[in-house]
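Residue numbers (the working numbering), protein chains in the order written: chain A, 233 to 333; chain B, 301 to 984; chain C, 1434 to 1607.
For each residue, glycine too, the CB sits at the ideal point set by N, CA and C.
From a predicted model like this one, the values you see are computed outputs, not experimental measurements.
Here the structure comes first, spelled out in structure tokens, and everything after it is commentary.
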Amino acid sequence: MELSIHYYLVISAIMFVLGVMGVLTRRNAIVIFMCVELMLNSVNLTLVAFSRELNNADGAMLVFFVMCVAAAEAVVGLAIIISMFRNRQDIDINNFNLFRW
Amino acid sequence: MHEEPLFSLIILLPLLGSLLIGLGGFMAPGFAKQEKTVGLLGTLMVLIPFSFITYAFLNYEGPVEFGLLGAVDSVNWMFGGDLDLNFTYRLDELSLLMGMIVTGIGSLIHIYSISYMHGDRGFYKFFLYLNLFIFSMLNLVLGNNMVVLFLGWEGVGACSYFLIGFWYEDMGNAKAAQKAFVANRIGDFAMLVAMMMIYKSTGTFTISGEGSILEHAGDFTGDAVWLVPLLLFIAATGKSAQIPLFVWLPDAMAGPTPVSALIHAATMVTSGIYLIARMGELFVGAPGILMVIGVVAALTSLIAALTALAQNDIKKVLAYSTVSQLGFMFMALGAGAFTTAIFHVMTHAFFKACLFLGSGSVIHAMEHMHTEEDPQDIRTMGNLRKYMPSTHWTFFISTLAIAGIPGLSGFFSKDEILTMNFLNGMDGQMVYFIVWGVGMLTAFLTAFYMTRVYFLTFRGKERFSGEKHPHESNAFVTIPLWILAFLAAVGGYLGLPAVIGHGKYHALNNWLGIHGGDSHGIGHGLEHGVEHATGHASGAVTMAHIHPIEEAHASAALEWGLIAFSVFIAVFGVSLAWRLYSKHDLAGDAVVKRRLGRLYKHMQNKFYFDELYETILIRPFVWLGRNFVMAIDRYFLDGIVNGLGNFVLFLGDGLKTLQSGLVGQYAMMIVIGVVIILGYLLVA
Amino acid sequence: MELQGLLFWIFAVLGIAGGIGLILNRNPVYSALSLIVNFFSIAGLYLTLEAEFIAIIQILVYAGAIMVLFLFVIMLLNLSKEPKQSPFSPSVIVAAVMGISFLVIMLITFTEYTPVSEAAGDLFVFSKTETIGKAMMTKYLYPFEMISVILIAALIGAIVIAKKFNYENENKEN
Chain A
233 MELSIHYYLV ISAIMFVLGV MGVLTRRNAI VIFMCVELML NSVNLTLVAF
283 SRELNNADGA MLVFFVMCVA AAEAVVGLAI IISMFRNRQD IDINNFNLFR
333 W
Chain B
301 MHEEPLFSLI ILLPLLGSLL IGLGGFMAPG FAKQEKTVGL LGTLMVLIPF
351 SFITYAFLNY EGPVEFGLLG AVDSVNWMFG GDLDLNFTYR LDELSLLMGM
401 IVTGIGSLIH IYSISYMHGD RGFYKFFLYL NLFIFSMLNL VLGNNMVVLF
451 LGWEGVGACS YFLIGFWYED MGNAKAAQKA FVANRIGDFA MLVAMMMIYK
501 STGTFTISGE GSILEHAGDF TGDAVWLVPL LLFIAATGKS AQIPLFVWLP
551 DAMAGPTPVS ALIHAATMVT SGIYLIARMG ELFVGAPGIL MVIGVVAALT
601 SLIAALTALA QNDIKKVLAY STVSQLGFMF MALGAGAFTT AIFHVMTHAF
651 FKACLFLGSG SVIHAMEHMH TEEDPQDIRT MGNLRKYMPS THWTFFISTL
701 AIAGIPGLSG FFSKDEILTM NFLNGMDGQM VYFIVWGVGM LTAFLTAFYM
751 TRVYFLTFRG KERFSGEKHP HESNAFVTIP LWILAFLAAV GGYLGLPAVI
801 GHGKYHALNN WLGIHGGDSH GIGHGLEHGV EHATGHASGA VTMAHIHPIE
851 EAHASAALEW GLIAFSVFIA VFGVSLAWRL YSKHDLAGDA VVKRRLGRLY
901 KHMQNKFYFD ELYETILIRP FVWLGRNFVM AIDRYFLDGI VNGLGNFVLF
951 LGDGLKTLQS GLVGQYAMMI VIGVVIILGY LLVA
Chain C
1434 MELQGLLFWI FAVLGIAGGI GLILNRNPVY SALSLIVNFF SIAGLYLTLE
1484 AEFIAIIQIL VYAGAIMVLF LFVIMLLNLS KEPKQSPFSP SVIVAAVMGI
1534 SFLVIMLITF TEYTPVSEAA GDLFVFSKTE TIGKAMMTKY LYPFEMISVI
1584 LIAALIGAIV IAKKFNYENE NKEN
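Spelled out as structure tokens, the structure:
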């Protein structure tokens, strides 16, 4: 059976939606972060799939950049989470509403 | 027609003068105190344009055009769509003449003012305004564009306002300035509407030349045919002080006397006449409006002359006399005799400027006696000829000129106006007979009240008190007086009656009517007016409706008869007043009062025009304003404004809950937004 | 082809299972482990796409580096379990509705996509290490350099944010 690009697209869409739902429902900041990573990965999968489909290296290149940005983001985000925890002994995002009106 | 870029100096120099004097006086108080420097600078900035215009006049070969900074299209004011407005000016027969009057008399009055305003705190300001006025007035008369003309029109109004309220510390002066401003605004509104209608009909603002309003005069259709001339006339009533907007002019005498002479006698108030003469072609197509002009003018001149008879303030008398003489000019316009109107503008500028400057000299002399009495009240004067010979003689000549004594300028122009109206009446339009009759009556009244003023001021008993006696003014005052008196005496010979040599010797008509090759001079009015005014030579004018001289209605005998009658009226008026006041002196007024009975009281009260306007216009407006404050402003407008504020406040109160500070909710909103946008893109 | 299809299905199921595990586990450590499973299966999917280099990098960077960092932080903070959440709480329902409609929209979009049938020429050159290296040093040189700047900035930022400042002492010294 021929693996058409549609299979990969559907899989990555499902993963992406899982990530979205995780972000929306979970309250632990670290888990939310991990859900974001999941979303990024699903996008990467799409990019690679299209890269092969079009026989073009641009998509693959973009994956590298996404990975680098994700790494940077994870580093900074985790640092923020650490300092949050240090101040409040808590990383439940529902308890953080300092920027309220 | 050719261009002459250098002539833009005519416009720019007075502006430069006002800027220099204004900035200099403002920045350097030392400069403001240098009265001679300031005065000479101001005078020069008018004298040089005068010499330019005179040069153009002497070397005239056809209309000359120029722009604000040289070339015609050097300053493009605004453009867009079909509109392309340049600051353009045009020297043709009419504007040259007006320009010469403005700058010529303007220079004389500048010189006069150096002495008259001596020692005044606002000396430099006075010259700043005067130069600015000359600039505006030149824009008005030279501008070849309705918008530039309107700029000048508004500019002279503003300068008039500044100068009437020159001594603004006095509440009365400030109010007089305000009154003039408001009355002028009403006319200006009509002017604006007329401009818009003209643009709509002809698609241009250019006044004359190729593709101009005057060339497109036939494009008017429907109501615009009579509405545009009517609106222009209303505009003219504001600026030129005719019923119903004339009430501001007598009050305008609150300004310094040179201002009264320059602005409120010689130049600005004649701009309405200039406007109608310039736009003459539009009026020719609306004979009904011309009749309206004639009737209004006759009424104005009669009422003003009657009022002048009962006034004791020398400047008030002259002011009402100006209104009356302006009425004469409008009578000429009403008869379609535009050149004649300009003729009277010119002669009137000479003798009225001279009279005002003479009155200024008198007032100055009276003020210097430091008596308690009002220095402008003729009842406190008398026998001044003994002390002020130059002032006396010039005033005397001008009085005779305005009274219409043959040989002096006023006689020629006034007689021509009346003859025009009489001939129009002969043509079957009975209205003009009435205008003629009223004009004759007014001419008699003019002779009478001017003689009265002259007599009570310069002859009779000395009614002033105090040890000191009045002194003649210095040369700065007397030289302009003598020049003006000379012009007032001989100015009329530019327009000898048509009956002499069939109009061959009417230099002014020849100039205005024929000189211009492109027929857009103003020498074309109603049929008989023109054919009479321009006589034989009118054949050169290309207007279709001009008859050859053979069809003239007026026989020589009739004209001589009219002239004789007019001479009789003038001489009768002068001699009657002379005998009355030489016999009774000040008590002569009582005799007049006895004869006229109740009418005299009305005359003294200026026919209640101010009171009438107060009752039917000002009070209702004030009442309306007060009530509108309550009803509209406080509840309606404030309600809207406050309501808007409260609504936004309420909205913000509700919407601020969206900003919960919870990241989860924000993420939710983002997702909802993305779903909505993507869904929309999918569906669309 | 047969093996490729089989592997695809295995990794697909594993990846989705990992994603579900991530969002359902209340213990963050279990969530992180589920995510690692997901990352590995995505690496496998890259392999079925014949993108070996990216698959290796995926394992090295994500599974190796980033997830270790996550686990390290989780354990450092010694987090308790998240409190149990009702599956029918409003936020969960809204999230589910939104997620499903989002999925539906994407699926509809994908069905409208017609693949470019069998692109001509050298197939799969896109994923060669050589191709990627050349592209990175030529066409994507400036973005590549920018990435290094971003990483340095993130490094410094992370240190500054996470460092323990004693603000009161700081103020006293000054």
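Residue-level contact check: residue 320 (chain A) does not touch chain B, since none of the beta carbons of chain B fall below 8 angstroms from its beta carbon. Under the 8 angstroms criterion on CB atoms, residue 1594 (chain C) is classed as non-interfacial with respect to chain B. Here residue 1523 (chain C) is exposed. Its C-beta has fewer than 16 other C-beta atoms within 10 Å. Interface residue (Cβ-Cβ distance to chain B less than 8 angstroms): residue 272 (chain A) is not classified as such. Annotation for residue 247 (chain A): the continuous alpha helix (DSSP H) segment containing it runs 237-257.
A straight-line Cα-Cα distance of about 15 angstroms links residue 490 (chain B) and residue 500 (chain B). Nearest CB-CB separation between residue 1534 (chain C) and chain B: below the 8 angstroms threshold. Out of B:783, B:422 and B:455, the CA that lies nearest to the CA of residue 698 (chain B) is found in B:783. A check of alpha carbon separations from residue 496 (chain B) across B:478, B:472 and B:527 identifies B:527 as the nearest. With respect to residue 540 (chain B), residue 572 (chain B) sits close: the two C-beta atoms are nearer than 8 angstroms. Residues of the region 965-981 of chain B whose Cβ lies closer than 8 angstroms to any Cβ of chain C, in chain order: 968, 971, 972, 974, 975, 978 and 979. Rounded to whole angstroms, residue 855 (chain B) and residue 720 (chain B) show a C-alpha spacing of 13 angstroms. Linking residue 945 (chain B) to residue 973 (chain B) through their CA atoms gives a straight-line distance of about 29 angstroms.
Residues 261, 262, 265 and 323 of the same chain have their beta carbon placed closer than 8 angstroms to that of residue 313 (chain A), with the five preceding and five following residues left out of the count. Selection B:675, B:957, B:708 and B:737 evaluated against residue 787 (chain B) yields B:708 as nearest (Cα-Cα). According to the DSSP secondary-structure assignment, residue 378 (chain B) is paired through a beta bridge with B:385. Using a CB distance below 7 angstroms, the part of the region 1444-1478 of chain C facing chain A consists of 1445, 1448, 1449, 1452, 1453, 1455, 1456, 1461, 1464, 1465, 1468, 1471, 1472, 1475 and 1478, ordered along the chain. Around residue 241 (chain A), the same chain offers 278 and 281 as residues with beta carbons nearer than 8 angstroms, after the five sequence neighbours per side are excluded. For the pair residue 398 (chain B) and residue 354 (chain B), the CB atoms are not nearer than the 8 angstroms cut-off.
Taking a Cβ-Cβ threshold of 8 angstroms, the residues of chain A close to residue 961 (chain B) are 328, 329, 330, 331, 332 and 333, in chain order.
For residue 399 (chain B), the uninterrupted alpha helix (DSSP H) segment begins and ends at 393-416.
The alpha-carbon separation between residue 343 (chain B) and residue 321 (chain B) amounts to approximately 11 angstroms.
When only Cα atoms are considered, residue 651 (chain B) and residue 701 (chain B) end up about 7 angstroms apart.
Boundaries of the beta strand (DSSP E) harbouring residue 366 (chain B): 364-367, taken from the DSSP string. For residue 303 (chain B), the three-state secondary structure derived from DSSP is strand. Spatial neighbours of residue 481 (chain B) in its own chain (CB-CB distance under 6 angstroms, excluding positions within 5 residues in sequence) are listed in chain order as 461.
Put simply, the backbone Cα of residue 329 (chain B) is about 42 angstroms away from that of residue 542 (chain B). At a cut-off of 8 angstroms between beta-carbon atoms, residue 256 (chain A) makes contact with chain B. Interface annotation, residue 307 (chain A): in contact with chain C, CB-CB separation under 8 angstroms. Minimum Cα-Cα distance from residue 1444 (chain C) among the listed residues C:1461, C:1476 and C:1459 corresponds to C:1476. Taking C-beta atoms as the reference points, residue 452 (chain B) and residue 488 (chain B) fail to come closer than 8 angstroms.
Exclusion of the five residues before and after residue 622 (chain B) leaves 549, 564, 565, 569 and 652 as the residues of its chain whose Cβ lies within less than 7 angstroms of its Cβ.
With the rule of 3 Cβ pairs closer than 8 angstroms, the region 308-321 of chain B counts as touching the region 430-437 of chain B. The three-state secondary structure of residue 443 (chain B), taken from DSSP, is strand.
Where residue 629 (chain B) is concerned, the enclosing alpha helix (DSSP H) starts and stops at 614-634. Burial is judged here by how many other beta carbons sit within 10 angstroms of a residue's own beta carbon; residue 258 (chain A) has at least 16 and is buried.
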